[in-house]
Amino acid sequence: RTAGTQTGANLRVVLRAFKELMKLYGQIRKETA
2 RTAGTQTGAN LRVVLRAFKE LMKLYGQIRK ETA
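Position in the sequence shown counted from 1, then plus 1, gives you the working numbering.
Quick look at the structure:
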């Protein structure tokens, strides 16, 4: 079944994007603060 692997890959991508977003958010907060 490809559905199982697809959801796993999606979760990985989402986690990665979230991590990058938090990193970016931290930088912006640092600069504005």
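Don't be surprised by glycine CBs; every beta carbon is placed ideally from N, CA and C.
- The beta carbon of T8 lies closer than 7 Å to none in the same chain, with the five residues before and after it left out.
- Shown here, A10 sits in a helix according to DSSP, grouped into three states.
- Collapsing the DSSP output to three states places A18 in a helix.
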